[in-house]
Amino acid sequence: MSERLDVKKTFKLVVNGAFPRSESGRSYEVFGANGRFLANVAQASRKDLRDAVVAARAAQAKWWGATAYNRGQVLYRWAEMAESRRAELVEQVQVCEGVKKKDAQLSVGRAIDRIVWYAGWTDKVTQVLGGANPVAGPFFNFSLPVPSGVVGVVAPQESSLEGFVESVAAPMCVGNAVVVVASELRPIPAVVLAEMTVTSDLPGGVLNVLTGITGELVPHLATHEDVDGLDVSGSGDLADELARLAAGSIKRVYRARLDDDENPLRRLRTFVETSTVWHTIGQ
Amino acid sequence: MTEHALTSELGALAYDAAPESAQIAHLQPSYGLFLDGAFTSPAQHEQFASLNPATEESLATVALASPSDVDRAVASARRAYTKVWSKTTGAQRAKYLYRIARLIQERSRELAVVETLDNGKPIRESRDVDIPLAAAHFFYYAGWADKLEHAGFGVNPRPVGVAGQIIPWNFPLLMAAWKLAPALAAGNTCVLKPAETTPLSALILAEILQQAGLPDGVVNIVTGDGTTGAALVDHPGVDKIAFTGSTEVGRLIQERVAGTPKRLTLELGGKGANIVFEDAPIDEVIEGIIDGIFFNQGHVCCAGSRLLVQESVADEVLRRLLRRVDQLRVGDPMDKNTDVGAINSAAQLERIRELTAFGEEEGATRYTSACELPEKGYWFAPTVFADVAQSHRIARDEVFGPVLSVLTFRTPEEAVAKANNSKYGLACGVWSEKGSRTLWVAQRLRAGVIWANTYNKFDPTSPFGGVRESGFGREGGRHGLEAYLNV
Numbered sequence: 115m116s117e118r119l120d121v122k123k124t125f126k127l128v129v130n131g132a133f134p135r136s137e138s139g140r141s142y143e144v145f146g147a148n149g150r151f152l153a154n155v156a157q158a159s160r161k162d163l164r165d166a167v168v169a170a171r172a173a174q175a176k177w178w179g180a181t182a183y184n185r186g187q188v189l190y191r192w193a194e195m196a197e198s199r200r201a202e203l204v205e206q207v208q209v210c211e212g213v214k215k216k217d218a219q220l221s222v223g224r225a226i227d228r229i230v231w232y233a234g235w236t237d238k239v240t241q242v243l244g245g246a247n248p249v250a251g252p253f254f255n256f257s258l259p260v261p262s263g264v265v266g267v268v269a270p271q272e273s274s275l276e277g278f279v280e281s282v283a284a285p286m287c288v289g290n291a292v293v294v295v296a297s298e299l300r301p302i303p304a305v306v307l308a309e310m311t312v313t314s315d316l317p318g319g320v321l322n323v324l325t326g327i328t329g330e331l332v333p334h335l336a337t338h339e340d341v342d343g344l345d346v347s348g349s350g351d352l353a354d355e356l357a358r359l360a361a362g363s364i365k366r367v368y369r370a371r372l373d374d375d376e377n378p379l380r381r382l383r384t385f386v387e388t389s390t391v392w393h394t395i396g397q
Numbered sequence: 015m016t017e018h019a020l021t022s023e024l025g026a027l028a029y030d031a032a033p034e035s036a037q038i039a040h041l042q043p044s045y046g047l048f049l050d051g052a053f054t055s056p057a058q059h060e061q062f063a064s065l066n067p068a069t070e071e072s073l074a075t076v077a078l079a080s081p082s083d084v085d086r087a088v089a090s091a092r093r094a095y096t097k098v099w100s101k102t103t104g105a106q107r108a109k110y111l112y113r114i115a116r117l118i119q120e121r122s123r124e125l126a127v128v129e130t131l132d133n134g135k136p137i138r139e140s141r142d143v144d145i146p147l148a149a150a151h152f153f154y155y156a157g158w159a160d161k162l163e164h165a166g167f168g169v170n171p172r173p174v175g176v177a178g179q180i181i182p183w184n185f186p187l188l189m190a191a192w193k194l195a196p197a198l199a200a201g202n203t204c205v206l207k208p209a210e211t212t213p214l215s216a217l218i219l220a221e222i223l224q225q226a227g228l229p230d231g232v233v234n235i236v237t238g239d240g241t242t243g244a245a246l247v248d249h250p251g252v253d254k255i256a257f258t259g260s261t262e263v264g265r266l267i268q269e270r271v272a273g274t275p276k277r278l279t280l281e282l283g284g285k286g287a288n289i290v291f292e293d294a295p296i297d298e299v300i301e302g303i304i305d306g307i308f309f310n311q312g313h314v315c316c317a318g319s320r321l322l323v324q325e326s327v328a329d330e331v332l333r334r335l336l337r338r339v340d341q342l343r344v345g346d347p348m349d350k351n352t353d354v355g356a357i358n359s360a361a362q363l364e365r366i367r368e369l370t371a372f373g374e375e376e377g378a379t380r381y382t383s384a385c386e387l388p389e390k391g392y393w394f395a396p397t398v399f400a401d402v403a404q405s406h407r408i409a410r411d412e413v414f415g416p417v418l419s420v421l422t423f424r425t426p427e428e429a430v431a432k433a434n435n436s437k438y439g440l441a442c443g444v445w446s447e448k449g450s451r452t453l454w455v456a457q458r459l460r461a462g463v464i465w466a467n468t469y470n471k472f473d474p475t476s477p478f479g480g481v482r483e484s485g486f487g488r489e490g491g492r493h494g495l496e497a498y499l500n501v
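Sequence order for the protein chains is S and L. Per our numbering, the first sequence runs over residues 115 to 397. Per our numbering, the second sequence runs over residues 15 to 501.
Next up, the structure:
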């Protein structure tokens, strides 16, 4: 009896809750850290990116329209799904990043725990970042953090899963929809994790993952006028140019700092807007 | 008697002139820069005139700060930061800010006169709004200076360093207060660049800083034009840029700051929607619309310049609005009865004329107040455009003048969609007696400030700032500290 031939998986984009190939028909080869061929991965085009932004814009209203409790439940469900497929994530992180199995296990564990952490923020952030303002007049005045809208993310190139989670879960938990360009050379863990959102009740379009050539895609993310915020942390030498392009539509730009004592709320604060309501008080 | 005749009769109601005295201003003929705690000699600098826009006469000349002057200012701010201010305790900083607040109150009449002469805004507004709010802002942030660790930004929030601050001409002293008070409370030193056409009240403020004994170099004031601002934005010794002004200039600044370690906050333009539902109390609505667009001649980034009225009451609202517009008293800003003063500059007047010409060309129905305008000075009669479509330039572009565009809607969903159909997102108004609907609308508006059954209210405790192309960052409240802390 011959040995069973394994079924190779094609990794596709995650856009609007579905898994399309690139409309361009392109794909590119992804290799493990040891240089061995892993898979062909969809190579997204500018058109795919624009489609993802359209999906994100539509999904954002629905996501933000859900209760904070519900958003927390959905993100926690995502963590549950990841936990149940932990072995697969570990294997992908191990081959993509070329780390020991034990380190891959620790990394995946931290990534999942980070989703849990952000899941818990959904119904805290309003109280922590908002508040009532004692204005000198007959008004009830309050400030609420509301999402910026659609956030573009250039995911970190090295940290294929942990870095990805940190950069997408933060804007998502405060009600944004995300269009993320995954690590160019290590895209697979991000795609696997994003696949799980489809079984986590996350509305399609809240998290859109594009794989492809970073330098080709991200300038279009920076110049897209319907993208409200941009996390350039994973763009390396391109970061300055992206920040400059983002000025065209006054985007909020986030760039992770190198210092270890980075305030973890800075990422949340960058992608929320403080909306202040003055309401008259009278009989 | 026809409606029109009644209007004319009311419009003709006469008041005796009640002018405030221009002598109270005590202006010097020319000013230097405020560097390192002292005024430089005016003779050291190229001078330019600051005009009274109501008379086109020169009030004083001020220095045009060159890039090397900006360099001196930044060096002075850096020295003061390193040697003095960063070693001054929060409690000490607070006491300086309290002193400044008190001195503004004490010199409020003088400041109000200077502001009105230099800007053209009615003395009623500079006296009752600009100056008291500027003092209140210093009072508010004074109290934060020794409580920063309780502000929600971590246990040891640090200042950013040297802040370059560029302010507009519409609320000259108030914008200086909005910039300086939180920056100083958080422990930064500042280089402030007042607007080209309204530099004078900031120079009076410099005298106040001296009177308050603020250490030399903690605040430096460089008057000038766009080249001065550009030199400040580009200066490598500046750690933070805070800008209030047009979206056009804000975009350029964001581009220039991109790729540098500088922090940036931008408070830019707007095209505020003022939404009136059919159940709203009409008398209050009319006053609210008037305040929303004619306050400060409409030179307000958060002005309610797009009126969205529910169709069922649109005719009545427009009829009563036009009658009220005719009664606005337009003229001498120094007269205590004046409602609408002078347009700040010839350039701004030209821009308003250009955009309103588009309004007519594109087919909107123009109504212009029949008020008489003075012969000298820059004036624009209060103007309302009805039958405006969303695609018209007067519905999309910021006019920054006393010009209102009126559109209608049928359902709350339509009102929200139309209000959000703008690249801007600074402020909106909602008028309704139904609280649940007001909050439903407020939740859906993409704007940094939402006024429900009121408009154009400001308070130091209340965060102000925009979303989308109206900028980012907040001024006022606990949130306003973030712009000046390294967090």
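Using N, Cα and C, we set each Cβ at its ideal position, and we do this for glycine too.
Closer than 8 angstroms by C-beta to L/Tyr29: which residues in its own chain qualify, once you throw out the five before and the five after it? Chain order, please. Your numbering for residue 29 of chain L matches position 15 in the second sequence. Correct list, in chain order: Arg343 and Asn351.
Taking the alpha-carbon of L/Val174 as reference, which of L/Gly286, L/Phe423 and L/Tyr95 has the nearest alpha-carbon? Position 160 of the second sequence, counting from 1, holds the residue named residue 174 of chain L. Nearest in C-alpha terms to L/Val174, of all of L/Gly286, L/Phe423 and L/Tyr95, is L/Tyr95.
Which residue comes first and which comes last in the beta strand (DSSP E) that contains S/Pro270? On the first sequence, position 156 is the one that residue 270 of chain S refers to. Careful: S/Pro270 lies outside any beta strand (DSSP E) and carries neither H nor E.
Assuming the contact rule is C-beta atoms closer than 8 angstroms, S/Leu275 and S/Pro303 should be a hit. Round their C-beta distance to whole Å, please. Within the first sequence, the letter at position 161 stands for residue 275 of chain S. Within the first sequence, the letter at position 189 stands for residue 303 of chain S. Between the beta-carbon of S/Leu275 and that of S/Pro303 there is about 4 angstroms, and that keeps the pair under the 8 angstroms contact cut.
Could you work out which residue in L/Asp132, L/Ser436, L/Ser319 and L/Phe478 is closest to L/Thr75 when comparing CA atoms only? On the second sequence, residue 75 of chain L is found 61 positions in, with the first residue counted as 1. Shortest Cα-Cα distance from L/Thr75 to any of L/Asp132, L/Ser436, L/Ser319 and L/Phe478 involves L/Asp132.
Can you name the residues of chain S whose CB is closer than 8 angstroms to the CB of L/Ser476? Residue 476 of chain L sits at position 462 when you count from the first residue of the second sequence. Ordered by position in chain S, the residues that pass the 8 angstroms Cβ test against L/Ser476 are Asn247, Val249, Asn255, Ser257, Thr390 and Trp392.
Rank L/Glu298, L/Ala356 and L/Val420 by C-alpha distance to the C-alpha of L/Ile137 and give the top, closest one. The residue you call residue 137 of chain L lines up with position 123 of the second sequence. Each of L/Glu298, L/Ala356 and L/Val420 was checked against the Cα of L/Ile137, and the nearest Cα belongs to L/Ala356.
Could you pull the DSSP bridge partners for L/Asn288 from this structure? If you number the second sequence from 1, residue 288 of chain L lands on position 274. L/Leu321 and L/Gly443.
State the Cα-Cα distance for the pair L/Gly51 and L/Leu495, rounded to the nearest angstrom. Indexing the second sequence from 1 puts residue 51 of chain L at position 37. Indexing the second sequence from 1 puts residue 495 of chain L at position 481. Linking L/Gly51 to L/Leu495 through their CA atoms gives a straight-line distance of about 25 angstroms.
Taking 8 angstroms as the CB-CB limit, is S/Arg366 close to chain L? Along the first sequence, read from residue 1 onward, the residue named residue 366 of chain S stands at position 252. True, the Cβ-Cβ gap to chain L drops below 8 angstroms.
Contacting positions in the stretch 258-275 of chain L - beta carbon closer than 9 angstroms to chain S: Flagged, chain order: Thr261, Gly264, Arg265, Leu266, Ile267, Gln268, Glu269, Arg270, Val271, Ala272, Gly273 and Thr274.
Taking S/Arg358 as the query, report the chain L residues whose CB atoms sit under 7 angstroms from its CB, ordered along the chain. Counting from one through the first sequence, the residue named residue 358 of chain S turns up at place 244. By Cβ distance, chain L contributes Glu269, Ala272 and Gly273.
Nearest by alpha-carbon distance to L/Asp253: which of L/Tyr110, L/Gly201, L/Leu228 and L/Tyr45 is it? On the second sequence, residue 253 of chain L is found 239 positions in, with the first residue counted as 1. Nearest C-alpha to L/Asp253: L/Gly201.
Just to check my reading of the structure: L/Arg492 and S/Gly245 have Cβ atoms closer than 8 angstroms, yes? What is that Cβ distance to the nearest angstrom? Within the second sequence, the letter at position 478 stands for residue 492 of chain L. Within the first sequence, the letter at position 131 stands for residue 245 of chain S. The distance from the Cβ of L/Arg492 to that of S/Gly245 is about 7 angstroms, consistent with a contact at the 8 angstroms cut-off.
Closest to L/Val233 by CA distance: which of L/Lys207, L/Val247, L/Phe472 and L/Phe257 is it? Residue 233 of chain L sits at position 219 when you count from the first residue of the second sequence. Out of L/Lys207, L/Val247, L/Phe472 and L/Phe257, the CA that lies nearest to the CA of L/Val233 is found in L/Lys207.
Can you tell me where the alpha helix (DSSP H) with L/Phe372 in it begins and where it stops? In the second sequence, counting from the first residue as 1, residue 372 of chain L sits at position 358. For L/Phe372, the enclosing alpha helix (DSSP H) covers residues Ala360 to Glu375.
Who are L/Trp465's beta bridge partners in DSSP? Residue numbering aside, residue 465 of chain L sits at position 451 when the second sequence is read from its first letter. BP columns for L/Trp465 point to S/Trp392 and L/Gly443.
Grouping DSSP H, G and I as helix and E and B as strand, with all else coil, what is S/Leu135? On the first sequence, residue 135 of chain S is found 21 positions in, with the first residue counted as 1. According to the sequence displayed, residue 135 of chain S carries Arg and not Leu. In the structure shown, the three-state DSSP call for S/Arg135 is coil.
Where L/Leu280 falls: helix, strand or coil (DSSP): For the purposes of this step, residue 280 of chain L is taken as residue 266 along the second sequence, with counting starting at 1. If DSSP states are grouped into helix, strand and coil, L/Leu280 belongs with the strands.
Let's see if you can read the secondary structure: which residues bound the alpha helix (DSSP H) around L/Tyr498? Counted from its first residue, the second sequence places residue 498 of chain L at position 484. From DSSP, L/Tyr498 is part of no alpha helix (DSSP H); its letter is neither H nor E.
If the cut-off is 8 angstroms on Cβ atoms, which residues from the stretch 278-309 of chain L count as contacting chain S, listed in chain order? Cβ contacts with chain S: Leu280 and Leu282.
So with CB distances below 7 angstroms, who are the chain L contacts of S/Ala361? Counted from its first residue, the first sequence places residue 361 of chain S at position 247. Per Cβ cutoff of 7 angstroms: Arg265, Gln268, Glu269 and Ala272.
Any Cβ of chain S within less than 8 angstroms of the Cβ of L/Val247? Translated into positions along the second sequence, residue 247 of chain L becomes position 233. False, the Cβ-Cβ gap to chain S never drops below 8 angstroms.
Does the beta carbon of L/Ile180 come closer than 8 angstroms to any beta carbon on chain S? As a position in the second sequence, residue 180 of chain L is number 166, starting the count at 1. Chain S places no beta carbon closer than 8 angstroms to that of L/Ile180, leaving this residue out of the contacts.
Neighbouring residues, chain S, relative to L/Val463 (Cβ below 7 angstroms): The count along the second sequence starts at 1 and reaches residue 463 of chain L at position 449. Simply Thr390.
So what does DSSP say about L/Gln61, is it helix, strand or coil? Residue numbering aside, residue 61 of chain L sits at position 47 when the second sequence is read from its first letter. If DSSP states are grouped into helix, strand and coil, L/Gln61 belongs with the strands.
Give the DSSP-derived three-state secondary structure of S/Tyr368 in the structure shown. Your numbering for residue 368 of chain S matches position 254 in the first sequence. Look at S/Tyr368 here: in three-state DSSP terms it is strand.
If I measure Cβ to Cβ from L/Leu20 and keep anything under 6 angstroms in the same chain, skipping five residues before and after, which residues do I get? Residue mapping note: residue 20 of chain L aligns to position 6 of the second sequence, counting from 1. Because the pLDDT at L/Leu20 is just 44, under 50, the model does not fix this residue reliably, and the value given afterwards should be weighed accordingly. For L/Leu20, where only same-chain residues beyond five positions count, there are no Cβ hits under 6 angstroms.
Under DSSP, the alpha helix (DSSP H) around L/Pro196 begins and ends at which residues? Counted from its first residue, the second sequence places residue 196 of chain L at position 182. Its alpha helix (DSSP H) spans residues Pro186 to Ala199.
Would you say S/Asp237 lies against chain L (beta-carbon separation less than 8 angstroms)? To locate residue 237 of chain S, count along the first sequence from 1; it is residue 123. Not closer than 8 angstroms to any Cβ of chain L, the Cβ of S/Asp237 fails to qualify, so no.
Chain-ordered chain S contacts of L/Asp473 [CB-CB under 9 angstroms]: Taking the second sequence and counting its residues from 1, the one referred to as residue 473 of chain L is at position 459. From the beta-carbon of L/Asp473, the residues of chain S found nearer than 9 angstroms are Asn247, Pro248, Val249, Ala250, Gly251, Phe253, Asn255 and Trp392.
Between which two residues does the beta strand (DSSP E) harbouring L/Thr258 extend? In the second sequence, residue 258 of chain L corresponds to position 244, counting from 1. Boundaries of the beta strand (DSSP E) around L/Thr258: Lys254 to Thr258.
So, is the C-beta of L/Phe399 closer than 8 angstroms to a C-beta in chain S? Within the second sequence, numbered from 1, the residue matching residue 399 of chain L stands at position 385. For L/Phe399, the nearest beta carbon of chain S is not closer than 8 angstroms to its own beta carbon.
Cβ-Cβ distance between L/Ser90 and L/Leu49 below 8 angstroms: Residue numbering aside, residue 90 of chain L sits at position 76 when the second sequence is read from its first letter. Residue numbering aside, residue 49 of chain L sits at position 35 when the second sequence is read from its first letter. Taking 8 angstroms as the Cβ cut-off, L/Ser90 and L/Leu49 qualify as a contacting pair.
What's the C-alpha gap between S/Ala173 and S/Val293? For the purposes of this step, residue 173 of chain S is taken as residue 59 along the first sequence, with counting starting at 1. For the purposes of this step, residue 293 of chain S is taken as residue 179 along the first sequence, with counting starting at 1. Taking the straight line from one Cα to the other gives about 11 angstroms.
Does S/Asn290 come within less than 8 angstroms of chain L when only Cβ atoms are used? If you number the first sequence from 1, residue 290 of chain S lands on position 176. Closer than 8 angstroms: no.
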